[in-house]
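Protein sequences appear in the order of chains A, B, C and D. With the working numbering applied, the first sequence corresponds to residues 1 to 381, in that order. With the working numbering applied, the second sequence corresponds to residues 1001 to 1381, in that order. With the working numbering applied, the third sequence corresponds to residues 2001 to 2290, in that order. With the working numbering applied, the fourth sequence corresponds to residues 3001 to 3290, in that order. By construction, the Cβ of each residue, glycine as well, lies at the ideal position given by its N, Cα and C atoms. Quantities reported herein were computed from a predicted structural model and do not represent experimental measurements. Written out below as structure tokens is the structure these notes cover.
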Amino acid sequence: MNIHEYQAKDILRKLGVPIPAGEIATTPDEAEAIARRIGSEVVVKAQVHAGGRGKAGGVKLAKTPQEAREKAAAILGMQIKGLTVMKVLVTAASEIASEAYAGIILDRATKKPVFMVSPAGGIDIEEVAATTPEKILKLPIDTRFGLMPFQAMRLGFFLYDDLAKARAASKIMQQLYTAFMQSGCSLAEINPLIVDKAGQVIALDAKMGIDDNELDRRPEIAALRDETAEEPSEVDARNANLTFIKLEGNVGCCVNGAGLAMATMDLVKYYGGEPANFLDIGGSSNPEKVVNALRIITSDPSVKAILFNIFGGITRTDDVANGIVTATKMNPLKVPIVIRLTGTNEEIAMKILSENGFSASSDMDEAVKKAVALATGGQAA
Amino acid sequence: MNIHEYQAKDILRKLGVPIPAGEIATTPDEAEAIARRIGSEVVVKAQVHAGGRGKAGGVKLAKTPQEAREKAAAILGMQIKGLTVMKVLVTAASEIASEAYAGIILDRATKKPVFMVSPAGGIDIEEVAATTPEKILKLPIDTRFGLMPFQAMRLGFFLYDDLAKARAASKIMQQLYTAFMQSGCSLAEINPLIVDKAGQVIALDAKMGIDDNELDRRPEIAALRDETAEEPSEVDARNANLTFIKLEGNVGCCVNGAGLAMATMDLVKYYGGEPANFLDIGGSSNPEKVVNALRIITSDPSVKAILFNIFGGITRTDDVANGIVTATKMNPLKVPIVIRLTGTNEEIAMKILSENGFSASSDMDEAVKKAVALATGGQAA
Amino acid sequence: MSIFINKQTKLIVQGITGRDGSFHAKQMMEYGTQVVGGVTPGKGGQKFEGTVPVFNTVAAAVEATGADTTVIYVPPMFAADAIMEAADAGLKFIVAITEGVPVLDMTRVYPYVKESGARLLGPNCPGLITPGESKVGIIPGRICAPGPVGVVSRSGTLTYEVVYQLTRAGIGQTTCVGIGGDPINGTNFIDCLEAFEKDPATKVVCMMGEIGGADEQNAADFVKHHMKKPVVGFIAGQTAPPGRRMGHAGAIISGAAGTAAEKIAAFEAAGMGVAKRPLDFVELVKARLN
Amino acid sequence: MSIFINKQTKLIVQGITGRDGSFHAKQMMEYGTQVVGGVTPGKGGQKFEGTVPVFNTVAAAVEATGADTTVIYVPPMFAADAIMEAADAGLKFIVAITEGVPVLDMTRVYPYVKESGARLLGPNCPGLITPGESKVGIIPGRICAPGPVGVVSRSGTLTYEVVYQLTRAGIGQTTCVGIGGDPINGTNFIDCLEAFEKDPATKVVCMMGEIGGADEQNAADFVKHHMKKPVVGFIAGQTAPPGRRMGHAGAIISGAAGTAAEKIAAFEAAGMGVAKRPLDFVELVKARLN
């Protein structure tokens, strides 16, 4: 789960990280009022779960409250990478003397959170890593010990030669690490971490990604989810306990298991089609899940054919068959459906389906080929 | 540093450990008032840094507030192992169904805090360990991971078969461990941990020893020190940054270094004397320390001779010599002094001493023999 | 022969009285796995299915039964503790089925288990099966058959699909291992490849990877430098968009890293057979068995 | 020959610009120790005594100087971090002089250092000296002389006393090691005895223990079963009362355990020479050198 810049900043500010004053606005009026309260030049920043806001025109400097209103009016409602901007952060502008980068990612290779810091901040850190790797210090953190003081100081000295700045940065590193651990992050970054004209080390932007598995035990973090900033069908799927990702194709896929779901999508492509989605109904075989899955798939107008691929292990294929029958009775399908079922209770499932006018196959390749043909204008068998 | 039962209970109570209501009294009046507030049978318990209070008559049941006053009057002012009782804890009496023991000690063999629990509580745990070791579970805790839930449950199930009681005990184990770590303990124990007639698991007594090295960073724990409960000469020495322990003999010892100090005491004994104290002036050679050391040694009326044994490494022996001269000018000695000095600036030290009428030797055995002879009625050379 | 488990494996089930634990414990017992005990705090002293003793703690279960292996079906927030309890109790092989374990928990679990000398499989994995001998986890026994092929995969149902195709084609398996789809897990491809290389009964290895991370690339490197036996590989997620987690916490393309193309190229560079679709395994394995 | 340090030892000093650190760095340099660098955060780039480069971090110091050993003079609340920084930077021998380190800190430091593969001496120790070659710590150089006796002790000035008596009697030392008086320390008697046993130049070992714990008893056991060289032992604290900490955090008799009598009995059972007073070492060693 991603949270917004302003939410990440709230978390960091509470832990003591120096961050310029700022408030969230959903209307130009509010933006103007906030700018007036701040009483200096402000920056108006689109709050969306997408990178490249700056290039897309989602970040603007405003010298006066009136100007803040105008910039907010321009940014609110704009589309950035397909997402509509619903909120802007209005925050005091800083005079930047130098920009650095500080981030932590949960790294699968070292099996640890890894700090990455670079005095070359403000730009894409992956580009720094590719072009000038010597400008990045990567420091894996053993969570049994936490971020030790000497490590924090080493990170600080990598950014700044001056003791006072290195100390200030090392304190921010401790706070960023605390935020990372307390919030259950998979990613937390401050970019840019600046030194202002007065010599203060300040976080100007912040980003956090949360491990979804942490949300159950961190209700205060789970509450930060902003469903208005997400694809509605994905919100719908998540609330139905389905894993769903919308794609650009026209073959709607419904599969049990993530690996098989990906393999099914790949096979669609292999036979010349394009998958409309990733959808994993998971291990349990609750017919209601199937009903929800069909609703979500069919709500996408670009879907021209639906493909079920179910390998019954724990999943009982008769439950899936019952789900399909129920769902299509409630909402008759407007596009053809191709069903592949095999494994647990396969015979019962086949019987249920044929009694209700559906045909089904036990062969994956055959089913995929048929679905692709239907989506591209062929006929169901 | 030891803290009192009531202080240990306050720490545990704040962490959620169930503990009967209780307050501290320094007069019989206060004890009566507290018993009245509690409104049930109470126990009046002497607060001293000594074991065996019960056997010494320092713990009494009182059925009425009037009786609490009487018991408090009897206990306040009594001597337990040489320490005067200045305070009593007046606490609600519990109906005991069973007694268990739970403790944590910092164990040098495993280099870890080790939990010890036993369903045979209320008595001396060392005796349980000696006679029925199968009734003790010893569980070393890796502080990198802390007390893990499964360990706490294992401790709980060792005490109680019943799930509810095992869970309650495991929660208390977590709280005890937290107290141990947060307070910088070397020992923390609950003895007895009881089940009352209502089936509740409750801590009836608590004891904590703090690692002296922790006090600098834990001012709130350091503030719990009760100097009225300690030997006055030891309090005096600690405030002068000296390590001092009063003993029963008559040869006052002043040495630099703990190992050499013990070896010097042993040598006093070897030559037929008895050391009056352990005193380590430490590695630095501040003349003021020597002045304080002499003041503390001579304040003990049983001291019949004073022995200095200084091996000058970091310690400059001329500083020690100057300290002796200054101290004896301020307060002329009433008992003979024998001085052994060797090492750094030995020649200067010897000159200072002889100019001021002291003789000194560089041989440890010779000096010790002479001091013993003087203390037992012989003459200084 | 086989890897990790066989007829002698003595298993305890952590969470044996729970919904998933009890269901799969029965399935494993029916398959022939020696289920010697179970653990559920507070149910110590009971018997599961009238025969299997239940204990309050893993330590007590191990002491009473001499178990060497455990399988864990406990809710995600308790899984890290359950794994560490198993390692602490001296179990040498720990299979964690639980899905949804926080990754930060695993950053502590991993070094703990390693220090204890145990092997962890999972979490978020289907377990493993040595057909005809023992199964630990949730892989359906009836799709497998004994034979000469080692199978290792990050996925559950995709494994079933491939194993099912192999079995239907008359090709049995030594052991089928699902290592799980989480970013940090206890046993990786290389651990399994190494074990299959050493197992005399295994003649060919099938390996099903997916997008995300570099485990498959590292495995390909291992195949190239340390394996004599032929390996056939597959990567799921060729159509996955970057930056989106495809169900498994570990199945995510970060920037330009962890793509299917990159992994397939690594397989090819290692001289491995590459299955373009699950069905291809059958012919590729057949060709390498002869 | 010697143990742990010699002419080749390349040392950095953590806390080199502090009061104790600067004093002893000079002493070590005067004795001939190769002090190749120092560490004080914020003083990176300076030179100590005009010659020794100072760095902000241990990592930078090690990278620039190739040091293999460090000696730590930092305040007690920072000592644990300093030790872990040294281990993290790849130093193989870490000598921590600092007194007053909280014991709970050491419960984390000890496994950290162990995992790193480094050896820690101390904390709360005087360090060690290989007479005529190198000294690391605070043992006064002029009381030592090269020769065939290995010395290991929990105490500082008591070590000086014994070494002084030996040197005055014409008996020199291979290496004198002070392991420190804390309950948890990095190197114990057995580690040193093992090293002395392997060192061809060491002919006799002197060991000064004290009350508290069971290290001396364990060491006696080691002498009995694993050493060919003669060992002479002494225990300080025969007159110490139970339950009182005699200066050193570790010098405390708990109940009936850790008494001097118990330890001396262990020495005798191991066939060791037992010095009743420090002076006795001279004759006992002499007898064993011939």
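State the Cα-Cα distance for the pair alanine 1381 of chain B and methionine 1350 of chain B, rounded to the nearest angstrom. Confidence at alanine 1381 of chain B is low in this model, with a pLDDT of 40, below 50, so the placement of that residue is unreliable and no value is reported for it.
Does the separation of the CB atoms of isoleucine 310 of chain A and valine 320 of chain A fall below 7 Å? yes
Let me know the alpha helix (DSSP H) ranges lying completely inside the stretch 3062–3101 of chain D, each 4 residues or longer, listed in chain order. 3076–3088
In terms of alpha-carbon separation, which member of A:Glu288, A:Gly312, A:Ala237, A:Glu95 lies closest to proline 192 of chain A? A:Glu95
In the DSSP assignment, what residue or residues form a beta bridge with methionine 1208 of chain B? B:Ile1003, B:Ala1188
Endpoints, beta strand (DSSP E) assigned at glycine 1022 of chain B: 1022–1025
Near-chain C residues of the stretch 257–277 of chain A - C-beta to any C-beta below 7 Å: Gly257, Ala258, Gly259, Leu260, Ala261, Met262, Ala263, Met265, Asp266, Leu267, Lys269, Tyr270, Pro275
For the stretch 138–162 of chain A, list every residue whose C-beta sits within 8 Å of some C-beta in chain D, in sequence order. Phe145, Met148, Pro149, Phe150, Gln151, Met153, Arg154, Phe157, Asp161
Asparagine 1213 of chain B versus threonine 27 of chain A - alpha carbon distance: 58 Å
Would you check if the distance between the CB atom of threonine 2202 of chain C and the CB atom of glycine 2150 of chain C is smaller than 7 Å? yes
Nearest-angstrom Cα distance between glycine 156 of chain A and isoleucine 136 of chain A? 12 Å
If the cut-off is 9 Å on Cβ atoms, which residues from the stretch 3052–3068 of chain D count as contacting chain A, listed in chain order? Asn3056, Thr3057, Val3058, Ala3059, Ala3060
Assess contact between the stretch 342–359 of chain A and the stretch 2191–2200 of chain C, defined as three or more Cβ pairs (one per stretch) separated by less than 8 Å. Is contact present? no
Just checking: is the beta-carbon of arginine 217 of chain A within a distance shorter than 7 Å of some beta-carbon in chain C? yes
Between the C-alpha atoms of histidine 1049 of chain B and leucine 1187 of chain B, what's the straight-line distance to the nearest angstrom? 14 Å
Answer with yes or no whether the minimum CB distance from glycine 3137 of chain D to chain B is below 7 Å. no
Residues of the stretch 3108–3134 of chain D in Cβ contact with chain A at a cutoff of 8 Å, in chain order, please. Arg3108, Tyr3112
Name the one or two DSSP bridge partners that glycine 2150 of chain C has. C:Val2205
For chain F, is any of its Cβ atoms less than 7 Å away from the one on glycine 3150 of chain D? Looking for chain F here will not work: the only protein chains present are A, B, C and D.
Buried or exposed, going by whether 16 or more other CB atoms sit within 10 Å of the CB of glycine 1357 of chain B? exposed
Going by the CB atoms, is the gap between asparagine 1256 of chain B and threonine 3157 of chain D shorter than 7 Å? yes
Aspartate 1142 of chain B: which of B:Leu1106, B:Ile1125, B:Leu1159 sits nearest, CA to CA? B:Leu1106
By the criterion of Cβ-Cβ separation under 7 Å, what are the contact partners of threonine 2157 of chain C in chain A? Asn256, Gly257, Gly259, Leu260, Phe311, Gly313
As an exercise, report each continuous alpha helix (DSSP H) stretch of at least 4 residues that is fully enclosed by the stretch 2198–2279 of chain C, in chain order. 2215–2226, 2260–2269
Within its chain, find whatever has a CB closer than 8 Å to the CB of alanine 3240 of chain D; leave out the 5 residues flanking it on each side and keep chain order. Ile3211, Met3246, Ala3251, Ile3253, Ala3260
Strictly under 7 Å for the Cβ-Cβ distance: is histidine 3226 of chain D near chain B by that measure? no
Are the C-beta of proline 3041 of chain D and some C-beta of chain A separated by less than 7 Å? yes
Is threonine 3239 of chain D close to chain B? Criterion is C-beta to C-beta, closer than 7 Å. yes
Within chain D, the residues that threonine 1243 of chain B reaches when beta carbons sit closer than 7 Å: Gly3247
Given a threshold of 16 other Cβ atoms within 10 Å of its Cβ, counted over all protein chains shown, does glutamate 366 of chain A qualify as buried or as exposed? exposed
Bridge partners of phenylalanine 2048 of chain C, per DSSP? C:Val2052
N-terminal and C-terminal residue of the alpha helix (DSSP H) that threonine 344 of chain A is part of: Per DSSP, threonine 344 of chain A belongs to no alpha helix (DSSP H) and is neither H nor E.
Output the boundary residues of the alpha helix (DSSP H) element that contains glycine 156 of chain A. 149–159
Quick one: is valine 3103 of chain D near chain B, going by C-beta distance under 7 Å? yes
Please look up how many angstroms separate the CB atoms of isoleucine 1947 of chain C and proline 2126 of chain C, rounded, as I've assumed it's under 8 Å. Residue coverage of chain C in this structure runs from 2001 to 2290, which leaves residue 1947 of chain C outside it and unanswerable.
Could you name the residues of the same chain whose beta carbon sits closer than 7 Å to that of methionine 3272 of chain D, not counting the 5 residues immediately before and after it, in chain order? Ala3220, Val3223, Val3231, Val3232, Gly3233
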